[in-house]
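J.:
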Amino acid sequence: AQAANGVILVTTKRGNDSKPIITYEGNFGLSEHTRTPQLMNAYQYMVYDDEINAHFGRTEKYKDVKNDYLDGTIDPLQYADTDWMDVVFRMAPQTQHSLSVRGGNDRIRYYISGGYMYQEPGFKNTDLNFKTAQVRSNLDARITEDFTVSLELAMRQENRHNSNYDSSTFFWEAFHAYPFLPAYYPNGLPGPGLSWGNNLGILASGKTGYDKVKDNFTNLKVAFDLKMPWLLDGLYIAGYAAFDSQFRGEKKLMDMWDAYRYNPSTKEYDNIRSTTGDGNINLTQRYDDNRINSLHLKLGYEKRFTEHSINAFIAYEQSKSTGDWFSAYRRDFLSNAVDYLFAGSDNQKDNNGSGSISARQNFFGRLTYGFKDRYLAEFTLRRDGSQNFSSDSRWGWFPGLSAGWRISEESFFKDNISHVDEFKIKASWGKLGNDRVAPFQYVSTYDLNDGAMFGLDPKREKGFTIGRVANPAITWEKVDTKNIGFESISFNQTLSFDFQYFYSMRTDILTPKQASVPDYTGLTLPDQNIGEISNRGIEASLSYKNKIRDLGYYIGGNFTYAHNNIHFFDEAANVPEWQRRTGHSIDSWLVYKTDGIYQTKEEVESSPHLLNTQPGDIKYIDIDDDGSITSNDRVRIYESAIPEIVYGINMGAMWKGFELNILWTGQARAKQMIRPGSYNRDITYFNNRWISAEETPDARYPRAFERDDSFNSRDSDFWLKDASFLRLKNIELAYNIPSSFLEKIKISSLRLYLSGFNLFSIDKIKIQDPEGTQAGGMYYPQQRVYNMGVSISF
């Protein structure tokens, strides 16, 4: 029901038949941003901003001040030169430790582990942090020769001491903060940062309050496996019951803080803030409780008859999820010393809460037949039920077929191709369902609001309004997937190659028909089974491993190409053909086509252009040839931010206890819209801007402009950048201490290592990380991590 996009299988460590083996693993690391935007200094900002003012005929605000910067006569109390990125961000420490013991005998096997991790954010002068502790126990018991039971228990607690501002806010503030304002004055008082006092150094320090979140996770699973040879040889029954819970408590305090501005008239520092914006200390507390109960039962048969093998089972599975939350809010606290709700005022206090429930049932089975370990055929069938659909549409049938042929076992292959150890051809077809949509859309809903007015002396009362319109016919999304490929192993198990072609057709995609229904109806429409999207491509992997005396080495790679195409998407009837999503990829860009930058007024006047366009602005192409630039000139292109090609390269070597492991990752055929962020503070735009046709005829970027500039900030192919990259994802150098030495000190194994994660990338996007969001750098970036660690077993 929820695996239409694939599943990730997680296998935890288990005990074995051995004496207790105790293992400790620990590491310490430092993390930093892979790429941080470089912003304009104070003088550059003033030049840039005054060029904008001059362009629009406004007074140049910094004309006199710019000269003072140049001749060194600037008053440091009024004008600074602040690098806000340097004020806030730093390299941050992190550490991780785990201790485990495993062992057992022929009856009971166990694995027990515990771990702890501590991580600080990349902000200076802060006590913010993330801590997690966990414990896991896997116990397997063989009660009789035919009956085994297992118990798995995992518990984890996560503690987040966050700022009460989102981390992406800090980058937003860094781009907006004026570089000519001081972060801190010489006497230590914090400066304003922005005109309303949002000093980034204070915001990131946690002195504005806190957002403390504690999550407690519990996962319990009890399983059994009973073989029944007394009924039929090969018959068995297995099953498990699982309980998963997450309980979250969150406490968010908005505190008061101070920011100052130097007043040259009075020679004093004026406190321009000392409030949180609404003049009070306020506290919000929230608690969430989510639980999932699962039951799985399977009756199976597994048997081999000389050259034939059969593996079959039928199974039943059900799950039920419940959740509820409530929150409370109070304001006007006298102090942050007593951060409990009772200490707040009754004025404008608030509380809220809600709950949810979902359930699923599944019947499924599989029949696998093999002959001579050479031919394999498999049939699967699922009958899935979901509460998200009405009783008439709740259940869906989802079959699947697959087959394989080990052609290398055929005599005609063995006798003629000796260097190929194994060669297998495989093919499959299957259909799956997806129900990941909002539940109960088959019934109409009503919203409870406070805006109803009744009576001769009207007051606001609670009342109901029409919410979502019902769709009783809503049913499963369906994914029809076909695969064909082969696997080969050659040259004495040293070279392996895997290749497959896939094609999937997703139909009955659940999406609202918003585009073709006018907004003025005021209706919230339910999802309908109307979308259609196909996806086709190839997947391949190649690896080689060998050994030369004491030197072992390996190299391998994987490659995936996938292209999706929208076959149907609800679109308004008046959308031009060249702007329709149908026929293009998901999230394909809708952009203006451009032809460079206008250099002269004559060039502007001789071509269609936006009103008041001037030299230095981007030149847009009149696609519909109507003599003007309008929204109809936007074109849907085939590129999107979703890469069509992803690949990886792994390589390594082993020599006399030393190990070197390297992983590269990359992508291609993707485009990102890398436009200037708010206020265009990145120095790249300053250094490469258009100034005049004589001075900068080959400028990379248009004239100085603000982010909301209607001329140059539009989505256009001018700002689309190739998002291809090759990244050194991970490199590790390790040394395994020789066992001959360790035996003398009663140690089984000892491994020391140094590693680096996200060390560098080769790409064409220099302003931000190529895997970053398209926010002009205003997001918390990917991290580069340097690690050193040890693994020791007794």
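Under our numbering, the sequence shown has 427 at position 364, and the numbering climbs by one with no breaks. All residues carry an ideal CB built from backbone N, CA and C; glycine is no exception. Computed from a predicted structure; not experimentally measured.
To the nearest angstrom, report how far apart Ala756 and Asp680 are at their CA atoms.
T.: For the purposes of this step, residue 756 is identified with residue 693 of the sequence shown, where counting begins at 1. For the purposes of this step, residue 680 is identified with residue 617 of the sequence shown, where counting begins at 1. Going from the Cα of Ala756 to the Cα of Asp680 covers about 12 Å.
J.: Report the three-state DSSP secondary structure of Ser648 (helix, strand or coil).
T.: The residue labelled residue 648 in the question sits at position 585 within the sequence shown. Looking at Ser648 - three-state DSSP - the assignment turns out to be coil, as it is neither helix nor strand.
J.: Which runs of the alpha helix (DSSP H), 4 residues or longer, sit entirely within the region 431-488?
T.: With a minimum length of 4 residues, the continuous alpha helix (DSSP H) runs that stay inside the region 431-488 are 474-477.
J.: List the endpoints of the continuous beta strand (DSSP E) containing Lys275.
T.: Residue numbering aside, residue 275 sits at position 212 when the sequence shown is read from its first letter. Lys275 -> beta strand (DSSP E) spans Gly272 to Lys290.
J.: Under 8 Å by Cβ, that's how I've got Asn821 and Thr97 pegged, so tell me the actual separation to the nearest angstrom.
T.: The sequence position of residue 821 within the sequence shown is 758, counting from 1. The sequence position of residue 97 within the sequence shown is 34, counting from 1. Their Cβ separation, rounded to whole angstroms, is 5 Å, which keeps Asn821 and Thr97 in contact under 8 Å.
J.: Spell out a yes or no on whether the region 225-235 and the region 196-212 are touching, meaning 3 or more CB-CB pairs, one atom from each, closer than 8 Å.
T.: As far as the Cβ criterion goes, the region 225-235 does not touch the region 196-212, which means the pair count is below three.
J.: Would you kindly report the start and end of the unbroken beta strand (DSSP E) that includes Ala322?
T.: On the sequence shown, position 259 is the one that residue 322 refers to. Premise fails: Ala322 is in no beta strand (DSSP E) and is neither H nor E.
J.: At what residues does the beta strand (DSSP E) containing Met717 begin and finish?
T.: Reading the sequence shown from its first residue, position 654 is the one you call residue 717. That run of the beta strand (DSSP E) goes Ile708 to Trp718.
J.: Met103 by DSSP, collapsed to three states: which one?
T.: As a position in the sequence shown, residue 103 is number 40, starting the count at 1. Met103: coil per DSSP, three-state reduction.
J.: So, are the CB atoms of Asp321 and Thr271 less than 8 Å apart?
T.: Start at 1 with the first residue of the sequence shown, and residue 321 comes out as number 258. Start at 1 with the first residue of the sequence shown, and residue 271 comes out as number 208. Not a contact, by the Cβ cut-off of 8 Å.
J.: Measure from the alpha carbon of Gly264 to the alpha carbon of each residue in Tyr323, Lys290, Met218 and Leu789, then state which is nearest.
T.: Within the sequence shown, the letter at position 201 stands for residue 264. Among Tyr323, Lys290, Met218 and Leu789, the Cα nearest to that of Gly264 belongs to Tyr323.
J.: Give the DSSP-derived three-state secondary structure of Ser268 in the structure shown.
T.: Taking the first residue of the sequence shown as position 1, residue 268 is located at position 205. Ser268 falls in the helix class under three-state DSSP.
J.: Specify the secondary structure class of His239 as computed by DSSP and reduced to three states.
T.: By 1-based counting over the sequence shown, the position of residue 239 is 176. Three-state DSSP puts His239 in a helix.
J.: When the Cα atoms are used, what is the spatial distance from Glu666 to Asp771?
T.: Translated into the one-based positions of the sequence shown, residue 666 becomes position 603. Translated into the one-based positions of the sequence shown, residue 771 becomes position 708. For Glu666 and Asp771, the distance between alpha carbons rounds to 24 Å.
J.: If you follow the beta strand (DSSP E) that Gly784 is in, where does it begin and where does it stop?
T.: As a first step, residue 784 must be located in the sequence shown, where it is residue number 721. Rather than Gly, the amino acid found at residue 784 in this sequence is Lys. Looking at the DSSP string, the run of the beta strand (DSSP E) that includes Lys784 is Leu783 to Asp785.
J.: Please classify Phe434 as buried or exposed, where buried requires at least 16 neighbouring CB atoms within 10 angstroms.
T.: As a position in the sequence shown, residue 434 is number 371, starting the count at 1. So Phe434 counts as exposed.
J.: Look up Thr8 in the DSSP assignment and give the residues it is bridged to.
T.: Because residue 8 is not part of the residues shown, which for the chain are 64 to 857, the question remains open.
J.: In the DSSP assignment, what residue or residues form a beta bridge with Asn555?
T.: Here residue 555 is taken as the residue at index 492 of the sequence shown, counted from 1. Bridge partners of Asn555: none, in fact.
J.: Tell me, please, whether the region 301-313 touches the region 358-366 by the rule of three or more beta-carbon pairs shorter than 8 Å.
T.: Flag = yes, the region 301-313 and the region 358-366 touch.
J.: Under the rule that 16 or more other beta-carbon atoms within 10 Å means buried, what is Arg738, buried or exposed?
T.: Translated into positions along the sequence shown, residue 738 becomes position 675. Buried, by the Cβ-count rule.
J.: Closest by CA to Gly178, which one among Ile572, Gly167, Asp127 and Glu88?
T.: Walking along the sequence shown from the start, residue 178 turns up at place 115. Among Ile572, Gly167, Asp127 and Glu88, the Cα nearest to that of Gly178 belongs to Glu88.
J.: On the criterion of 16 or more Cβ atoms from any shown chain inside 10 Å, does Pro844 qualify as buried, or is it exposed?
T.: Along the sequence shown, one-based indexing puts residue 844 at 781. Per the 10 Å Cβ criterion, buried.
J.: Leaving out five residues on either side along the sequence, give the residues of the same chain with a beta carbon under 6 Å from the beta carbon of His224.
T.: Here the question's residue 224 lines up with position 161 in the sequence shown. Once the five neighbours on either side are set aside, the close Cβ partners of His224 are Leu191, Asn192 and Lys275.
J.: What do you get for Gly530, buried or exposed, if any count of 16 or more other CB atoms within 10 angstroms of its CB means buried?
T.: As a working mapping, residue 530 is identified with position 467 in the sequence shown. Result: exposed.
J.: Looking at the strands, I want to know which residues DSSP matches up with Phe389.
T.: On the sequence shown, position 326 is the one that residue 389 refers to. For Phe389, which the question treats as bridged, DSSP gives the partners Tyr350 and Gly416.
J.: For Asp510, does the three-state DSSP call read helix, strand or coil?
T.: If you number the sequence shown from 1, residue 510 lands on position 447. In the structure shown, Asp510 sits in a strand (DSSP, three-state: E or B).
J.: For Thr385 and Ala440, what's the separation of their Cα atoms in angstroms?
T.: By one-based count along the sequence shown, residue 385 stands at place 322. By one-based count along the sequence shown, residue 440 stands at place 377. Their Cα atoms are separated by approximately 40 Å.
J.: Can you tell which of Arg457, Trp492 and Pro765 has its C-alpha closest to the C-alpha of Tyr505?
T.: As a working note, residue 505 is residue 442 in the sequence shown. Minimum Cα distance to Tyr505 is reached at Arg457.
J.: Going by C-alpha distance, which of Phe560, Gly615, Leu573 and Arg612 is nearest Glu602?
T.: Numbered from its first residue, the sequence shown carries residue 602 at position 539. Out of Phe560, Gly615, Leu573 and Arg612, Phe560 has the C-alpha closest to the C-alpha of Glu602.
J.: Could you tell me if Arg336 is buried or exposed, where buried requires 16 or more neighbouring beta carbons within 10 angstroms of its beta carbon?
T.: The residue given as residue 336 occupies position 273 in the sequence shown. Arg336 comes out buried.
J.: According to DSSP, what are the bridge partners of His224?
T.: Reading the sequence shown from its first residue, position 161 is the one you call residue 224. Note: His224 sits in a beta bridge opposite Asn192 and Lys275.
J.: For Tyr509, count neighbouring C-beta atoms within 10 Å of its own C-beta (all shown protein chains included) and say buried if the count is 16 or more, exposed if not.
T.: By 1-based counting over the sequence shown, the position of residue 509 is 446. Answer is exposed; the Cβ neighbour count stays below 16.
J.: Using a Cβ-Cβ cutoff of less than 6 Å, which residues in the same chain neighbour Ser606 once the five nearest sequence positions on both sides are dropped?
T.: As a working note, residue 606 is residue 543 in the sequence shown. The residues are Ser559 and Gly619.
J.: Does DSSP put Gln642 in a helix, in a strand, or in coil?
T.: Here residue 642 is taken as the residue at index 579 of the sequence shown, counted from 1. Helix at Gln642.
J.: Closest to Ile596 by C-alpha separation, out of Tyr624, Arg790, Leu614 and Phe632, would be which residue?
T.: By 1-based counting over the sequence shown, the position of residue 596 is 533. That would be Phe632, whose Cα lies nearest to the Cα of Ile596.
J.: Counting beta carbon pairs with one atom in the region 129-145 and one in the region 240-254, are three or more of them shorter than 8 Å?
T.: With a cut-off of 8 Å, the region 129-145 and the region 240-254 count as touching, because enough Cβ pairs lie within range.
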